[in-house]
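The structure under discussion appears below in the form of structure tokens.
Protein chains: 2
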Amino acid sequence: MANALTRKLERVADLTAGEREVLESLCDRPRIIRAGQDILREGDRPEHLHLVVEGWAIRYNILPNGARQITAYLIPGDFCDLHVLVLEQMDHSIAALGPAKIAYIPKATVNLLTRQLPELLQALWWATLVDEGVLRAWIVNMGRRSAFKRAGHLMCGMYERMNNVGLVHGNAFSLPLTQREIADTLGLTPVHIGRVISRLRKEGLIALQKKELLIPDIERLKAISGFDSRYLHPEHVRVN
Amino acid sequence: MANALTRKLERVADLTAGEREVLESLCDRPRIIRAGQDILREGDRPEHLHLVVEGWAIRYNILPNGARQITAYLIPGDFCDLHVLVLEQMDHSIAALGPAKIAYIPKATVNLLTRQLPELLQALWWATLVDEGVLRAWIVNMGRRSAFKRAGHLMCGMYERMNNVGLVHGNAFSLPLTQREIADTLGLTPVHIGRVISRLRKEGLIALQKKELLIPDIERLKAISGFDSRYLHPEHVRVN
DNA sequence: CGTTGCATTGAGGGCCTTCAATAAAAGTGG
DNA sequence: CCACTTTTATTGAAGGCCCTCAATGCAACG
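First to last, the sequence lines map onto chains A and B.
full-length UniProt numbering numbers the first residue of the first sequence as 1 and each following residue consecutively.
full-length UniProt numbering numbers the first residue of the second sequence as 1 and each following residue consecutively.
Encoded structure:
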């Protein structure tokens, strides 16, 4: 019964029993964060790394005019701020979507671990490379698809990620987002997202109620929204 | 007289003389790629990693309707395809913008090197984390700024990157892009980009001719387009 | 059970697109 | 080096996708 971080890293690397144990221990004693609360704010210079143990979080920027753009959804096993190992300062904020459990891991611990366990260092690097693929797909989605396809594509991506961690049951899964979050993800307005969702419903592509998203025919939705799942599938390459 | 890869990695890590020498040798005997030619295509399963030694390249996706979205500009010192260490298959293509020199490095060599030189592994990881920041800023730009600000922001980013490698002279630098490239970068059409550039010129924010971009007052352009350069500046953290 | 936030729907407007034509520039072959 | 072709840039007109503003109903929450 591995935790989320271990599961995630084992998709891209072989870990020894000792390494796995170290990872487990990092997730001990997470702090409880209330729904909507910021975990990190732009400008922060955190002394700890923050790891999502339970719940969802969003990575986002606020622009001078007050507009928000979400640049990532963080689910259990995702680090919030690996980049502060290099950049020190946060250039964006992170907030819990619903109630969440966050582990606080001292930067020094991570630096120590990665120096002692090169296999772990490589696993973290490779996980970062996978994340890059997600960001690229996000850019393609926002740049070259209509609002309708954009929304469908987002839902396919959520489906895949949740499915990868066994959280899809009967083609349905929990999607704890308001239309405002979806709008801020896709670079649109809540009003228009409302119209788009209404159309997705009318065309029988989704059923969404009470933050529970059902996709009756995922292949059809993928086809319509131009979703290609390759970018999400690390193939567990062995170098040894 | 270090090469571009060494310069780039030394911004995020300490390298020994031996490590630097290894990096230099990787860039030996690059192949010449003609302007516009693909270096890698979607679906490829490359046996080598590709490193830009000279010139510019773009990372892009083509959608079923023929639309193109550019997701990165690669300049000397950038790897084209580090992610194939994990994902194996290319989920996008890479093309040379002008004539370029590309080094072909066997995947096995990189895997060997990163296992033998953890410091190098860490440098590559950290460089990847910096790239992630660029992608996030890209998303914010496309999602929440007008075409006018988007174009200005792109030009500020190019200015910064070129300045970081000493290629800005008298507030001007080479920008080997057509309006089509800029459009495909920002999720707009070439026609509209033309109008936007015309306005940037009229307002004295840029002078652009013969692929040479002059920004008379970079701070003014940054202010107008909401550019924050923090995301581009690794602070060279020491862990030792 | 009131308050607050969220979803829905309508009307009107604006930013950007599409289509089209022309001019300018860059690349090509003799 | 010039004629030819192709690509790129410029400009105009019309239209569409999405935004803004606004009002209503509904669900969530204390």
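The beta-carbon is built from N, C-alpha and C at its ideal position, and this holds for glycine as well.
Complete beta strand (DSSP E) runs within the segment 45–70 of chain A (minimum length 3 residues, chain order): 48–54, 57–62
Residue from Met-90(B), Gly-98(B), Leu-87(B), Val-86(B) whose Cα sits closest to the Cα of Tyr-73(B): Gly-98(B)
Close Cβ partners of Leu-188(B) (< 7 Å) along its chain, the five nearest in sequence each way excluded: Ala-147
Beta-carbon proximity list for Tyr-104(B), same chain, < 6 Å, skipping 5 on both sides: His-48
Lys-131(A) at chain B interface by Cβ criterion, 8 Å: Correcting the residue type first, residue 131(A) is Asp in the shown sequence and not Lys. Judged by the 8 Å Cβ criterion, Asp-131(A) is in contact with chain B.
Chain-ordered residues of the segment 122–155 of chain A with a beta carbon less than 7 Å from chain B: Gln-122, Leu-124, Trp-125, Trp-126, Thr-128, Leu-129, Val-130, Asp-131, Glu-132, Gly-133, Leu-135, Arg-136, Trp-138, Ile-139, Val-140, Met-142, Gly-143, Arg-144
Nearest-angstrom Cβ-Cβ length linking Ile-58(B) and Leu-135(A), presumed shorter than 8 Å: Ile-58(B) to Leu-135(A), Cβ: 16 Å. No contact.
Buried versus exposed call for residue 322(A) [16 or more other C-beta atoms within 10 Å across all chains shown]: Residue 322(A) is absent from the model: chain A starts at 1 and stops at 240.
Contact set between Val-12(A) and chain B, taken where Cβ atoms lie within less than 7 Å: Val-86
Residues near Ala-137(A) in its chain [Cβ-Cβ closer than 6 Å; skip 5 each side]: Tyr-231
C-alpha distance - Ser-198(A) paired with Gln-209(B), whole-angstrom precision: 47 Å
is_contact[His-48(A), chain B] using C-beta, thresh 8 Å: no
Cβ contact check for the segment 89–97 of chain A and the segment 51–71 of chain A: 3 or more pairs under 8 Å: yes
Separation of Ala-108(B) from Met-155(A), as counted between CA atoms: 37 Å
Spatially closest choice to Lys-101(B) from Ala-183(B), Cys-80(B), Pro-30(B), by CA coordinates: Pro-30(B)
For His-233(A) and Glu-91(B), the rounded distance between their alpha carbons: With the sequence shown as reference, residue 91(B) is identified as Asp, and Glu is not the correct amino acid for it. Distance between the alpha carbons of Asp-91(B) and His-233(A) is about 11 Å.
Below-8 Å beta-carbon distance, Thr-6(B) vs any chain A residue: no
CB contact check: Leu-177(A) to chain B, cutoff 8 Å: no
Nearest to Arg-150(A) (by Cα), restricted to the options Arg-195(A), Leu-129(A), Glu-19(A): Arg-195(A)
Contact the segment 76–90 of chain A vs the segment 33–44 of chain A: 3+ CB pairs below 8 Å: yes
Whole-angstrom distance between Lys-222(B) and Ser-25(A), CA atom to CA atom: 45 Å
Classification of Gln-116(A) by the beta-carbon crowding that lies within 10 angstroms, buried from 16 upward: exposed
Contact with chain B by Leu-15(A), beta-carbon distance below 8 Å: no
The beta strand (DSSP E) enclosing Glu-212(B), as first and last residue numbers: 212–214
8 Å contact criterion, which Leu-15(B) and Glu-119(B) should meet: CB distance rounded: 7 Å
Cα-Cα separation, Val-12(A) to Thr-114(B): 15 Å
Amino acids of chain A, ordered along the chain, whose beta-carbon sits closer than 8 Å to that of Ala-67(B): Arg-144
Beta strand (DSSP E) runs wholly inside the segment 59–132 of chain A, at least 3 long, in chain order: 68–74, 93–96, 100–106
Own chain, CB closer than 7 Å to Gln-122(A), minus 5 neighbours either side, in chain order: Ala-13
Same chain, Cβ closer than 7 Å to Leu-200(A), five either side skipped, listed in chain order: Ala-151, Gly-152, Ile-206
Buried/exposed call for His-50(A), threshold 16 Cβ in 10 Å: buried
Neighbouring residues, chain B, relative to Arg-161(A) (Cβ below 9 Å): By Cβ distance, chain B contributes nothing, its closest Cβ being about 15 Å from Arg-161(A), past 9 Å.
Residues near Gln-185(A) in its chain [Cβ-Cβ closer than 7 Å; skip 5 each side]: The question names Gln, but residue 185(A) is Thr in the sequence shown. Excluding positions up to five away in sequence, the list reads Ile-70, Leu-154.
Straight-line Cα distance separating Cys-27(A) from Glu-19(A): 13 Å
Cutoff 8 Å; reference Gly-36(B); Cβ partners in own chain excluding five residues on either side: Ala-95, Ala-96, Leu-97
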